[in-house]
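First comes the structure, then the notes that go with it.
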Amino acid sequence: MTDLEAPLRRAAPALLGYAAVRALSLVVLTVWSAARGKSAHTLLTARWDSLWYTRVADLGYGYEVRLPNGDVHSNLAFFPLLPWLERLMHAVFPLSYADGGLVVSLLASLAAAWGIFAVAEHVYGRHVGVYAVLLWAVLPVGIVQSMAYSESLFTALAAWSLYAALTGRRLTAGTLALLAGLTRPVGLAVVAAVWVAGVTSFVRDRSTAPAPGARNWRCALGLALAPLGAAGYVLWVGHHTGKGPLGYLDVQAGWRNGFDGGAAFARFVGEKFTSFPSALAGVGLIVGVGLVLWLYVVGVRQGQPLPLLVFTGVVTALALCASSYFGSKPRLLMPAFPLLFPLALALARLRISRSAWVVGGVAVASAVYGAFWLNGTGPP
């Protein structure tokens, strides 16, 4: 048995369950879309952010749209790793850029599921790892994992970087953090987690016994590599636009994206209470935010490793405290998979038959919601 076969066999139940949930979602989406005269393939590959990624893959950077209100939507807002991979798929296989993005996303989603399993198994054991993957699969916004978006790719890189950090593979962790930083702005969360893991490990080793020189060099190199992806792209955008190191913030401002500590989101929620029907949505939003924060606190109490808490905290803060499109916040929270570990622990304590009914029921609901969501008017 090779070094890869044993971990893959341990993860097989989680990966098979994940594939089954994703297949169910795609079948429901196909049927729902056909009933409405729409193409599920188009919804997955050629709408909203998917179009921006394929334009970067096809034409490079420099495309922008000027809106009547003066806003400027520039494709510089989209980090380059997914378009690079789309271009690679197009060059190697007879695929369009959009289909290349879909293939990358589908493969990355399986890699993400395996990475989530590896992290959860390392911290809590195999059964919890399986349930953590299934819970990630049945998220209400789980259909995004099958779209030509960057969430699956980012989550895969983040999960394996965190696993490498937790198991002492500092150079691997730093390299994967670099790639995560080339995928989405929230790659900074992976960098922060890798740095915390490296620094705490260094301090711990120094307090016990001097670590071997080779290990020190690998750790230092991993820490040095980690921020280069995000920092490199941000600095390139600043140079490309002629606006210096903070030029990327101007690009994001053109999309009305920014970090305001959650003020805009709070106003958005407050406005829901101006009438009765929308007040129900306001209550739902408050409950949802409360659930996210509660799961984070439970993770702290259950002793999740510090790198996981740092990663989850940064992802959650950036998602909830950004002034971006509010309908996308559930999608932006999707990479914060350690939030699911307390729920996975709870499911692992149930009898298998009962937990199977719970996961199965939620999977059906998620598939229906995903089909309804993508067939709507707004972007996910």
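First residue of the sequence shown? That's 451 in the numbering used here, and the numbers climb one at a time after it.
Glycine residues also receive a C-beta, built at the ideal position from the N, C-alpha and C atoms.
Sort W498, G692, Y468 by Cα distance to V809 and report the nearest one. Taking the Cα of V809 as reference, the smallest distance to any Cα among W498, G692, Y468 is reached at Y468.
With three or more beta-carbon pairs closer than 8 Å as the criterion, would you say the region 816-824 touches the region 587-604? Contact between the region 816-824 and the region 587-604 is established, with three or more Cβ pairs separated by less than 8 Å.
Can L603 and T633 be called in contact, C-beta distance under 8 Å? It is a contact, given that the beta carbons lie within the stated cut-off.
In terms of DSSP beta bridges, what is R516 paired with? BP columns for R516 point to V522.
On a CA-only basis, which of F528, V750, V760 is nearest W705? Give me that one, please. Here the closest residue by C-alpha is F528.
Would L628 and A614 qualify as a contact pair, given that the criterion is a beta-carbon distance under 8 Å? No.
If G697 and G688 are in contact, beta carbons under 8 Å, what's the gap, nearest whole angstrom? So it is a contact: roughly 3 Å between Cβ atoms.
Buried or exposed for W744, please, with buried defined as at least 16 other CB atoms from any protein chain shown within 10 angstroms of its CB. Burial call: exposed.
First and last residue of the alpha helix (DSSP H) that includes F718? Residues 713-721.
Just checking, does the region 754-762 make contact with the region 569-578 on the three C-beta pairs under 8 Å criterion? They touch, by the three-pair rule.
Rounding to the nearest angstrom, what Cα-Cα distance links P830 and G692 in this structure? When only Cα atoms are considered, P830 and G692 end up about 32 Å apart.
Kindly list the residues whose CB is nearer than 7 Å to the CB of F652, restricted to its own chain and excluding five residues on each side of it in sequence; keep chain order. The answer, listed in chain order, is C669.
DSSP three-state call for A831: helix, strand or coil? The structure shown does not extend to residue 831, since the chain is modelled only from 451 to 830, so the question has no answer here.
Using C-beta distances below 8 Å, list every residue in its chain close to R576, excluding the 5 sequence neighbours before and after it, in chain order. Once the five neighbours on either side are set aside, the close Cβ partners of R576 are R460.
Coarse secondary structure for T452, derived from DSSP in three states: Reliability fails at T452, whose pLDDT of 49 lies under 50, so the model's placement of it is uncertain and the value that follows must be treated cautiously. In this structure, T452 counts as coil in the three-state DSSP scheme.
Taking the alpha helix (DSSP H) that I566 falls in, what are its first and last residues? In this chain, the alpha helix (DSSP H) harbouring I566 covers 547-574.
Best match in Y503, G648, V733, V515 for proximity to S555 [C-alpha to C-alpha]: The residue with the shortest Cα to Cα distance from S555 is Y503.
Can you tell which of A714, Y775, G708, A464 has the C-alpha that lies nearest to the C-alpha of G828? For the set A714, Y775, G708, A464, the Cα lying nearest the Cα of G828 is the one of Y775.
Cβ distance (whole Å) where W586 is taken to contact F787 below 8 Å: Between F787 and W586 the Cβ distance is about 5 Å, and since that is below 8 Å, they are a contact.
Expressed to the nearest angstrom, what Euclidean distance is found between the alpha-carbon atoms of W686 and T724? Rounded to whole angstroms, W686 to T724 spans 44 Å at the Cα level.
Start and end of the alpha helix (DSSP H) containing A798? A798 -> alpha helix (DSSP H) spans 791-798.
Rounded separation between T452 and F543 - CA only: Annotation note: pLDDT 49 at T452 (below 50); position unreliable, coordinate value reported separately. Distance between the alpha carbons of T452 and F543 is about 29 Å.
Separation of L584 from S475, as counted between CA atoms: Each residue's CA atom was taken as its position, placing S475 and L584 some 13 Å apart.
If you count every other CB in all the chains shown that lies within 10 Å of the CB of R472, and 16 or more means buried, which is it? Of the other Cβ atoms in all chains shown, 16 or more fall within 10 Å of the Cβ of R472; this residue is therefore buried.
Of the residues M784, A817, G777, the one placed nearest A498, counting alpha carbons only: The displayed chain sequence assigns Trp, not Ala, to residue 498. In terms of CA proximity to W498, G777 leads the group M784, A817, G777.
For A627, which three-state DSSP category applies? Helix at A627.
Looking at L671 and V742, is the spacing between their C-beta atoms short of 8 Å? Annotated as distal: V742 and L671, with beta-carbon spacing of 8 Å or more.
Flag this pair as yes or no: are the beta carbons of L494 and L552 separated by less than 8 Å? Result yes, Cβ atoms of L494 and L552 sit closer than 8 Å.
Could you pull the DSSP bridge partners for A614 from this structure? As computed with DSSP, A614 is found in no beta bridge at all.
Taking 8 Å as the cut-off, decide whether the C-beta atoms of S803 and A714 are in contact. With respect to the 8 Å criterion, S803 and A714 are not classified as neighbours on the basis of their beta carbons.
With a CB to CB cut of under 7 Å and the five nearest residues on each side skipped, what residues in its chain are close to W645? Excluding sequence neighbours, W645 sits near L673, A676.
Just to check my reading of the structure: A769 and L783 have Cβ atoms closer than 8 Å, yes? What is that Cβ distance to the nearest angstrom? Contact between A769 and L783 holds: CB atoms are separated by about 5 Å, below the 8 Å threshold.
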